[in-house]
Each structure stands twice: as structure tokens, then as C-alpha cells.
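Oh and the sequence shown: position 159 is 1589 in the numbering used here, straight run, nothing missing.
Glycine residues also receive a C-beta, built at the ideal position from the N, C-alpha and C atoms.
Nothing here was measured: the structure is a model prediction, and the numbers come from that model.
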Amino acid sequence: MFKIRKTLFFSLIPVVLSLTLTSISCSNNKFPGSSHFSIKRDEKKNKWNKFVEREYVNQILEIVYNGDKEKIKKYKEEQYNINDKQIINDLDKYLSYANNVKAGYGSDDDCFNCDGPYPVRKFSSKISSIFSKNWLWILFNLDKFNFVLYDVFDQFSGNVSTLSDEAQKNAVNHGLFRKIHSNDIAQFALETSVSKATNNIYNNFYLLTDDWNILEIKLETNHKRLTTSVTLVAYINTYPKLTKNKLDREVFVLDEYVKAKISVSNKRTSTAMDIFNAKFGGKPLRYTIFEINSKYLNK
């Protein structure tokens, strides 16, 4: 199907910054609440400015907007100015109707529940739209979501009852629920391919968070229209050994994972993937977004 495929790998080395703290007396402030709001706003702005300067963020933006600096700047501003309270409450409502747990075995889509009754399809469409249009906001706010272990039925590797037993074991050993504690990314890799049939360009970004979660962002550039669509995959993957968070940072190389994953997409079985899985305790554990963390609701 594809005639060109390449991968790039990047490791993000943290930079230690020296911060100067200034103590300000507010004893005469007639509006103490406004001071607290101002500090919160400044904290968010500082975090945002650092976030949007990250290399992988700007590589994605360069592809999506074909290097148009004005469009990139405008999108960043729009994402920063999103009403956090509104979008969080909307997502909480939509996810209560249409999260991937409701999809059941047999569903392995990148998006949220694409099938089912009308309310499920309706809210699934709304979630997918938010994740596609506001992917930058989502990446900045990864800590706002709760994830749950999700096992996909695979007709080539087992049956529902077997996978159900395995899912229970995984839940006990590695945790039924999972959180991403920050948007800090330790490594990222880029896979690029071109369709022989359409000449469309596919850029898949893989992100490894500091707490060992693998995210995937898929970009498809239409060859004729020169427009790029963004799909932020609704799942995260991790490995049994990574759930303990005790490995040295250099042990897990994201580029090796991506190359092994590509080998599986080319063939149904892959020795490279089998070796990689064995190294980190077995097949990847897949978790899916299923709700907003309650502490961020109505804030």
C-alpha cells in the first residue's frame, strides 16, 4: 500500500531552569481573590509558553499548517484562549455517553465509539471533533483525563473468555485505571509513509510521557487539497514492566517500539515485535480515555 516509510527518533533532555521568586505583600489589597486569579493565570501562561515551544509540538504544527507562521500563531492563541471550564464539562457529558468502554470487544478504532445507538454516535462525533480540532489543548491537559484498561478481542490470538481472564489478571497486576500525571514528553518518534494509490502523506507521531505512556497522533495530508487532518488516538499503550515505573529512562527506546510496530503492520506476525514485547513483560497494555478526572469538574 505504501511506497515510502521512514522513522525519526528524538529524545527530550530536560533543561534545569533557575527561577527567581518574588514575594509580594498584599496586605492592602482590597480584592484578594483577584490576586489569586492573576497568579493562576500567569502560571498557566508560563506553562503554555514552554509547552508550545517543544520540538514535537512545532513539528506537528509545521505539517498541519504547511509552515504558515501566521496560521500557526493564530491556532496557538485560539487553543490557549479556550474556555477550560466549558470544554471540560462538555467532554465529561459526552464521555458519559460515548467512551470506548461501551464499544465492547471487536472494536479497535482510533476514534471514539463509531457505532451504536443514536446518542452514542452523536456524542462520539462531538468528542472526535473536539479531539481533532483541539488536539493541542488536549495534549496540554493530559492530566485531566482518567483511563481504564481496555482489551480488544482479536480473532487471531484468542477468544472472549480467554481475553476476559487475561484482562482480569492484568487489572490486578498492573492496575485497572491509569492517569497521565503531566504533559512532559521524554521521547518522541515520527513515522512517515506515502500512499501509492492517492499520494497522500501519512505522518504518525509517537509520544512517550515521563510516566511511561505511549500516545499516537496521526496526520494525513491530502495530496490534491494540501490540507492535513489530525487524529489524536483515543488510547494509550504501556508495558507490564513499565507500569512499575522502575526502569532507567534509557532502557526503553521509543524508536525501537515504532520499528517493531511497523513490522507488524506489514505482516500479521513479527519476530521484532515478539522480542520487544518479551523484553518489557509481554504484550502492550492498552488503556482508553473514559472520563474526566472529577477534581477538574466545575472549577
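### Query
Thinking C-alpha only, which one of I1615, Q1617, H1653 is nearest A1627?
H1653
### Query
If you check the beta carbons only, do Y1669 and Y1717 fall under 8 Å apart?
no
#### Entry: 8 Å Cβ cutoff met for I1373 and L1638
Any answer about residue 1373 is impossible in this case: the structure gives the chain only from 1431 up to 1729.
### Message
Going by DSSP in three states, Y1495 sits in which element: helix, strand or coil?
### Response
coil
### Query
Is the number of C-beta pairs between the stretch 1482-1492 and the stretch 1689-1703 that are closer than 8 Å three or more?
no
### Task
Give the single residue among I1719, E1686, L1715 whose Cα lies nearest to the Cα of M1703.
E1686
### Query
Do you know offhand how far T1651's Cα is from K1503's?
20 Å
### Residue closest to Y1726, alpha-carbon to alpha-carbon, out of L1649, D1520, N1629
D1520
### Query
Among the residues of its own chain, which have a CB less than 6 Å from the CB of V1482, if the five just before and after it don't count?
K1506
### Message
For a minimum of 3 consecutive residues, which ranges assigned as the beta strand (DSSP E) are wholly contained in the stretch 1697-1726?
### Response
1715-1722
### Message
Considering only DSSP beta bridges, list what K1528 is partnered with.
### Response
According to the sequence provided, residue 1528 is Ala. The question's Lys does not apply to it. Answer by DSSP bridge pairing: none, since A1528 is not bridged.
### Cα-Cα separation between D1614 and F1570, rounded to whole angstroms
9 Å
### Query
Sorted by chain position, which residues of the same chain lie with C-beta nearer than 6 Å to R1780's C-beta, five sequence neighbours on each side aside?
An answer regarding residue 1780 cannot be provided, because it is not within the stretch 1431 to 1729 covered by the chain.
### Task
Within the stretch 1614-1701, note down every full beta strand (DSSP E) run reaching 3 residues or more, in order along the chain.
1615-1625, 1631-1639, 1644-1651, 1658-1662, 1665-1668
### Task
Over the uninterrupted beta strand (DSSP E) stretch that includes L1606, give me the two end residues.
No beta strand (DSSP E) contains L1606, which DSSP labels as neither H nor E.
### Task
Compute the Euclidean distance between the alpha carbons of W1565 and V1681, then round it to the nearest angstrom.
29 Å
### Query
So, helix, strand or coil for N1576, using DSSP?
strand
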